[in-house]
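Per UniProt numbering, the sequence shown starts with residue 1, numbered consecutively.
From the three backbone atoms N, C-alpha and C, an ideal C-beta is built for every residue, glycine too.
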Amino acid sequence: MFTRKRLTVALGATLLAGSLGFYSFRNDDRFFEIARNLDIYATLFKELNLYYVDELNPNRMVKNSIDAMLKSLDPYTNFFAEDEIEDYMTMTTGRYNGIGALIGSRQGRSIVMMIYEGTPAEKSGLQIGDEILKVDGVDIKTRRELDSDKLLRGQTNTAVKLTVKRFGAKDPIDLNVTRDVVKMTNVPYSGMISNDVGYIDLKDFTGTASREVRNAFVELKGKGMKKLVLDVRENPGGLLNMAIDIANIWLPRESEIVTTKGKVTEWNKTYTALNPPLDLEIPIVVLTNSRSASAAEIVSGVIQDYDRGVLVGQLTYGKGLVQTTRELSYNTKLKITTAKYYIPSGRCIQAIDYSHRNPDGSVGKIPDSLKTAFKTKAGRPVYDGGGVTPDVLVEPTTPAPIAISLTNKGLIFDYAIKYRHDHPTIKPAREFSLTDAEYQNFVTWLKDKEYDYTTQVEKELGTLEASAKKEKSFDQIQDQLKALRTKLSHSKDVDLVTFKSELKTLLEQEIVGHYYLQKGMKEVSFATDPEIKAALDLFKDMNRYQSILKGKN
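Written out as structure tokens, the structure is:
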């Protein structure tokens, strides 16, 4: 940490270097402006450090100023300080040294929200829902959430002692866990979803993604797979080379996959398939949604451009930008947007701007006048302007307000903890379902729980009332509005019946997850997943499948 005196000397040297540099930059207005503004920044920082009434934290001040500067650019250009490099490496490699558990904070408590299969956490007997009280004897409540997470990480083959509070247990439980390399898999699930349809859930594009998809594909072929569902929903993207290699699995060698174009023309490049394909004939359905982004959009867009498969779901996120990581001084990094990418039809799926976006950041509605038409290999029209539009649109399901409230309050999660305690074992994930009596037990359990919600109609009625008051017409229609509010007011008891099917599905998925982890949650969802149902229906009608690819649908 710099002292005031040492920092002033350092800044003085910076200013001197900046002054001398001005002479060489005066012939170039751009470089002169850069040097001038850096000089102003250094001078300002020196004055703040010397005279500001309170002691300043130089690291935090500079980090905040860098973040503010980058915020004025696109959302994907980011600075990583030295203490964030470990998280950056985890993000790009999917690997870290730890125990393999997702810890969440609920009302000031550190709760195990998920345990990853095959990790030290699972082997130790740690359970979803356990509250971590101490780590190596250190009371977790005395540490910030970030520090608590760091306490669980460490060198491989080192032991960590966890003291946990478990539902139904009288006393705290001590667990000894040996840290190891935890690999966050890119393919958390693959399996057969019917006699001849295989399913690969691709959730990320870290450095082993292509190998994982290839291995899963070969394994499913060995189980009799004749058709494939590739799921890239909720996939935020990742490494460009992984997207290229995965698309290559179903495309001929030397097929053009993606072209990048940016300011540095020497970096512009067209990437082609370098490896022999695994299968050029198998029918493919790719599932997409509004959170399929970047590398996920390359894979889905390339498959669509070559008419190699049918896309089912919703419009993708709309991120057609390439980031390059640059090494900076003092072990820091800059992830900077350096180019846009273009898939084989010639279109760029990047959203035209960042203002027409939905609350989740995905691309909003783009006027047709701003779109440009391109053609797939078979001549089907496709468009740029933001995201990849699926060939078969499936309307996204909107959760009921009561479902959102129960989930956000953690009551679905809490009941699953209770259910796990009361039922040591359950049927396999695909066979599990709650009986009507068990659902009624949940309804009874909710009686003394606090939760509330406002329906969309109630919100809009509130807006109407506010507008009426603003326009001074409220008094005239007050009685009618009151009567309308009475009729529209929701009843928890009624909603628990009306939305029984939806709530039952949420409960079943959460409960199964407590027994069979991520794989179980995926398997139990197959029966109610609308996109998977649409994919299976399409595979049952191969004439329709082929007509879509030929542009005759």
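Could you say which of the options lies nearest to residue i if we only look at CA atoms?
i	options	result
D384	P399, Q350, T407 and V394	Q350
Y453	K418, L496 and T425	L496
L102	V112, L251 and G207	V112
N186	D180, D171 and R214	R214
L506	L151, S433, W250 and R485	S433
A252	F539, G237, L274 and R211	Before going further, note that residue 252 is Pro rather than Ala in the sequence given. The residue with the shortest Cα to Cα distance from P252 is L274.
Q155	D174, D54, E86 and R430	E86
F217	I244, W250, E234 and I40	W250
A295	D74, K269, E281 and N235	N235
L70	K335, L393 and G108	K335
F499	P396, I404, I200 and I244	I404
I511	L538, Q480 and K418	K418
N59	G513, P75, E84 and D136	E84
R233	E395, F374, A293 and E281	A293
M184	A247, I246, R36 and G118	G118
D74	E431, P390 and K319	K319
H423	E55, I34 and G168	G168
I200	T208, P188 and S194	P188
E523	S190, A400 and K165	S190
G94	D391, V382, V182 and L464	V182
Taking only the alpha-carbon atoms, compute the straight-line gap between residue i and residue j and give it to the nearest angstrom.
i	j	result
I132	S105	10 Å
S72	L162	43 Å
L311	L202	15 Å
residue 557	A416	Only positions 1 to 553 of the chain appear in this structure, which leaves residue 557 out of reach.
A483	D475	14 Å
T486	E458	10 Å
residue 558	Q456	Because residue 558 is not part of the residues shown, which for the chain are 1 to 553, the question remains open.
K470	K533	48 Å
T270	A339	12 Å
M242	R211	9 Å
P172	W445	25 Å
D414	D130	11 Å
G21	Y51	Confidence in G21 is poor, its pLDDT being 48 and thus under 50, which makes the residue's placement too unreliable to answer from.
A151	T90	It is worth fixing the name first, because residue 151 is Leu in this sequence and not Ala. Between L151 and T90, the C-alpha separation is close to 16 Å.
T435	T407	21 Å
I34	S65	16 Å
I402	G513	21 Å
V264	N49	38 Å
V9	A209	No answer about V9 holds up, because its pLDDT of 39 lies below 50 and its placement is not dependable.
L278	M542	22 Å
V164	G137	11 Å
R26	R36	Any reading at R26 is ruled out, since the residue's pLDDT is 49, under 50, leaving its predicted position unreliable.
Compute the distance between the beta-carbons of residue i and residue j, then report whether it is under 8 Å.
i	j	result
L240	I284	no
G387	L315	yes
K409	D307	no
S525	Q509	yes
L411	Y451	yes
L536	V197	yes
G98	K141	no
E531	G313	yes
R347	Y317	no
T332	F45	no
L321	Y76	yes
G100	E82	no
R143	T158	no
I193	L228	no
G379	G551	yes
Using DSSP with H/G/I as helix, E/B as strand and the rest coil, what is residue i?
i	result
P172	coil
R26	Only weak support exists for where R26 lies, its pLDDT of 49 falling under 50; the value from the coordinates is given anyway. Note: R26 maps to coil in three-state DSSP.
A159	strand
K540	coil
P381	strand
I426	coil
D39	helix
M225	coil
Y342	strand
Y306	coil
M113	strand
S491	coil
G21	The pLDDT assigned to G21 is 48, lower than 50, so where the model puts this residue is not dependable; a value taken from the coordinates is nonetheless given after this. The answer is helix: DSSP assigns G21 an H, G or I state.
A373	strand
R233	coil
S190	strand
E502	helix
G198	strand
For the stretch 204 to 214 and the stretch 255 to 267, state whether three or more C-beta atom pairs, one from each stretch, are separated by less than 8 Å.
no
Tell me whether the stretch 331 to 351 and the stretch 299 to 311 touch, counting them as touching only if at least three CB pairs, one residue from each stretch, are closer than 8 Å.
yes
So, do the stretch 508 to 518 and the stretch 113 to 122 have three or more beta carbon pairs nearer to each other than 8 Å?
yes
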